[in-house]
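Taking it in order: structure first as structure tokens, then the write-up.
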Amino acid sequence: MLNYIIKRLVASIVTLWVIATATFFLMHAIPGGPFDTEKPLPPQIKANLEEKFGLNKPLSEQYMMYMKNLLKGDLGPSLKYEGRTVNDIIAYSFPTSAKLGIVTVICSLLLGTYLGVTAALNQGKWQDQLVMVIATLGVTVPSFVLATFLIYVFAVKLSLLPAIGFEGPEYYVMPVMALGGYSLSFIARLTRSSLLDVIRQDYIRTAKAKGLSRNTVIYKHALRNALIPIVTYLGPLTAGILTGSFVIEKIFGIPGLGREFVTGIYNRDYSMIMGLTVFDSFLLITFNFIVDILYAIIDPRIKLEA
Amino acid sequence: MKKSKLFIVLALVLAIGVSFFSGCAKGGQTGQTIKYNLGAEPATIDPQLNSAVDGATVIVNCFDGLTRLDANDKPIPAVAERWEISPDQLTYKFYLRKDAKWTDGQPVKAQDFVYAWQRAVDPKTAAEYAYQLWYIKNGEAISEGKMPVDQLGVKALDDYTLEVTLEGPTPYFLSLTAFPTYMPVRKDVVEKDPQGWATKPETYITNGPFKLKEWRPKDALILEKNPNWYNADKVKLQTIEMKMLEDQTSALAAFRTGQLDYIESPPSAEIPNLLKSGEAKVFPYLGTYFYIFNLSPNAEKVDPAAAKAIKDVRVRKAINLAINRKAIVENVTKGGQIPATSFVPNGIPDADGKDFKKKDYFPAEGNVEEAKKLLAEAGYPDGKGFPKITLIYNTSQGHQAIAMAIQDMLKKNLGINIELANQEWKVFQKTRDERNYIFARHGWIADYVDPMTFLDMWVSNSGQNNIGYNNPEYDKKIAAAKKEADPAKRMQLLHEAEDILMNDMPLVPLYYYTNIACVKDYVKDVHKSVLGFVYFENAYIQK
């Protein structure tokens, strides 16, 4: 186990380095820079700006500088937002995205598995069909359509919920629904098919034959094995949802991290692009790592070996 | 597992959603608070570093310059209670009022202006809008690093007298002193925290009608009345909540639910209905939307055949006349825009006090007969033998719709084919600035209320001249206007310059911009300037 963890750790660092390096050079290869503006700046003013942020140095030197600071955990100043560092922006925005993300992951996980189990146990019946209709809608309707629809119905027409903002519990309802629609549906489908697969196995028949109660059979024996694909999906899902959604944050005016990534690219805010790429990759790698360890806990047959 | 359980859960989820409504129902706050959508997180609200309209709106409400713009965008005394202008218009002496105070209680002094202006042109500050101060003696040379900052033509004769020396006569200088870049800042405040002073309410020491109460990045910026402002008894508004909602559709939804009182640029598809219902209003905005031809030698590298065709002024005029601008604003843009029949838009006063825009250089509906004739004279009767021309624009549905309408008009009216290509915003800017195009979209918003802001960009050595337009006659008129102290003669020179420009037709004006905003009827006297900044000092709520 320890060997495995060490090996994974080294691999993770190499992965991060490759991602950071590739992003650095790709990002500088896109035409247009942070100081190309609607009204072209006089050359001397542009030069002053580039000097201020060290963008006048050769690319290789900028790269070395960046990597050196990165090792110290310093992600540099934002080129767009005066007086704010990328570290500040992540520290400020990530908790918001994470709060929304955790609620969404929990809701879609609980409700998704519940719907999936219900559908599987009632295979072919109307409950199953209803869940499948919901799940198909959830997967196919894009979140921005769902979000706009929710705002129109619940805020504009019914005046039940605030249209925008992120200040109290009532502000969570629509973003969570819009953000979680897809993952909930995906989890429901995954649970259903996985559970259907498991309950046909011999050991389930054995359990039933032993006279165990239905709930024990389903929740202790069947669901545990049926959950493995869901756990696999949970790693990238959590990392993705925690770092925020551009669309949902933009529509609901939520001050999270998701918007920064996309606007960072539009603005050619180099340090922001780099900082967020590294941060997002770090989260993704971490969660995949946690998932791998969870496998071993859920399924004793899986051994983590170096 | 009972079937009904599924529905209990679903009902519960719904019930939770519904039960939260109590919180938002009391959203409609009473009192003098305006909820305004700023539209985006300002990159900075530091007066010297800002170059965006959203930042400018925060700055003009938090700061007070030597002058302020009134409801008609005319400069009126602010921190300067009076001034004297030398006969050659090169020296301004401003007398500052003695009761102007900063939010921390200290008096506003002439030295604060000197520091702020030197800071703006200092290359170390690296201010994008440094060039807004190049009217002041030595401003440009200091920005280039050729002179020390203390050589800037601004001196504090004493605590309350400021003397400014200009490079040339600048009839709009008193408007410039109301511009965000010219706002005073305090040396001790800035130097204590040069990076972060303008991000925190504690250190954002200002001298205007409002002060910063809170800044929640990407969420809201809260301003409150500044009791230290000399005119504070006239300010009725207690709080301005500036939201930073980028999505226009949700902004409109929030406007309808009462979460916002004032939003700008509603979704274009909704504008005709909003205007009809009276929810939206059209505000003048000093800007022109136009297309440019690449007349620089670079065009030949892009496409030699097309470059040759557009070099012929008759071709450019034919294209210009084949466009029906009325149809574009009525059927395509639909936002109350005004068809452009000149380059300088309506809304700038001439020397006689009337509008500078006096003539239509061509009919708004176009003139297809004339266009066909010109194209035939240029050697392309009915578009025969005319090379394919590529029109580039930055990716946006609005620009695309206009480009498609024009493509259609040129095909129908002249028989020439235009190919459309879109580019991502920053890529587009680079392509355009490096003159790697044949035909491209452009838009220009005035920096100050004077025709010069539209005309001096096309002199041959201007950094903004991405057309590569080069007419020595034109350069001469602009240079003469910049030296002319007599307002009537100066305006005459600018009229003559625009005549030359419109005769050479290196660009195709399409329409004059407008600002569309949705304003609740209980919101009174918010002033939206023609430069796009929003002033709240006279605003109030009347429910």
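Heads up: the sequence lines are chains A and B, in that order. Residue numbers for the first sequence follow our numbering, so the first one is 1 and each next one is one higher. Residue numbers for the second sequence follow our numbering, so the first one is 1001 and each next one is one higher. C-beta atoms are modelled at their ideal positions from N, C-alpha and C, and glycine is treated no differently. Every value quoted in this text rests on a predicted model; they were computed, and no experiment measured them.
Here A/Q123 has L196 as same chain residues with Cβ atoms under 7 Å from its own Cβ, once five neighbours each way along the sequence are excluded.
In the three-state DSSP reduction, B/W1083 falls in the strand class (E or B).
Ranked by how close their Cα comes to the Cα of B/L1501, the residues B/F1283, B/I1467, B/G1463 and B/D1303 have B/I1467 in first place.
A/T113: member of the alpha helix (DSSP H) spanning V86 to L121, first to last residue.
Against B/G1463, the close residues of chain A are P40, L41, P42 and P43, in the order they occur along the chain (beta-carbon pairs closer than 8 Å).
The three-state reading of DSSP puts B/P1297 in coil, since its state is none of H, G, I, E or B. Per DSSP, the unbroken alpha helix (DSSP H) holding A/F144 starts and ends at S143 to L150. In the DSSP assignment, A/I228 falls within the unbroken alpha helix (DSSP H) covering I228 to L242. Annotation for B/N1470: S1460 place their beta carbon closer than 6 Å to its own, counting only its chain and skipping 5 residues before and after. By the CB criterion at 7 Å, B/L1391 and B/I1416 fall outside the cutoff. With a 10 Å radius around the Cβ and a threshold of 16 neighbouring Cβ atoms, A/F149 comes out exposed. Counting along the chain, B/W1215 sits inside the beta strand (DSSP E) bounded by residues F1210 to R1216. For a cut-off of 8 Å, the C-beta gap from B/I1076 to B/M1183 is around 16 Å, too long to register as a contact.
DSSP, reduced to helix, strand and coil, places B/P1123 outside both helices and strands of the structure shown, so it counts as coil. For A/R259, the number of other beta carbons within 10 angstroms of its own is at least 16, and it is reported as buried. Listed along chain A, the residues sitting closer than 8 Å to B/T1257 by beta-carbon distance are A155, V156, S159, P162 and A163. B/Y1513 places its beta carbon less than 7 Å from that of B/G1287. Taking C-beta separations shorter than 7 Å and ignoring five residues to either side along the sequence, the partners of B/K1528 in its chain run F1283, N1515, A1517 and V1534, following chain order.
B/L1420 carries a strand assignment under DSSP once its states are collapsed to helix, strand and coil. By the neighbour-count criterion, in which 16 or more other beta carbons inside 10 Å mark a residue as buried, B/N1072 falls on the exposed side. B/V1313 has its alpha-carbon roughly 56 Å from the corresponding atom of B/K1234. Within 10 angstroms of the beta-carbon of A/I13 lie fewer than 16 other beta-carbons, which makes it exposed. For A/A47, no beta strand (DSSP E) run applies; the uninterrupted alpha helix (DSSP H) run containing it begins and ends at P43 to K52, by DSSP.
Distance check between A/Y171 and each of A/I204, A/Y92, A/G253 and A/A98 places A/G253 closest, using alpha-carbon atoms only. Interface annotation for the region 1432-1463 of chain B against chain A: D1433 and G1463, criterion Cβ-Cβ distance under 7 Å.
Of all residues in the region 1106-1135 of chain B, only P1123, A1126, E1128, A1130 and Y1131 come within less than 7 Å of chain A when Cβ atoms are compared, listed by chain position.
Taking C-beta atoms under 8 Å as the contact rule, A/A163 and B/Q1259 qualify, at a distance of about 6 Å. For A/W126, the enclosing alpha helix (DSSP H) begins and ends at W126 to T140. Counted as a single uninterrupted DSSP element, the stretch harbouring B/W1134 is not any alpha helix (DSSP H), since DSSP gives it neither H nor E.
The beta-carbon of B/V1427 is placed less than 7 Å from the nearest beta-carbon of chain A. Contact check for B/A1405 and B/V1332: beta-carbon distance about 5 Å, within the 8 Å limit, so the pair qualifies. With respect to chain B, the C-beta atom of A/L195 has no partner C-beta closer than 7 Å. The Cβ-Cβ distance between A/G264 and A/I251 does not fall below 7 Å.
For A/G83, the neighbours in chain B by C-beta distance under 8 Å run, in chain order, T1044, D1046, Q1195, G1196, W1197, A1198 and T1199. No Cβ-Cβ contact shorter than 7 Å links B/R1325 with B/F1293. In this structure, B/N1320 keeps its C-beta atom at 7 Å or more from the C-beta atom of B/M1457.
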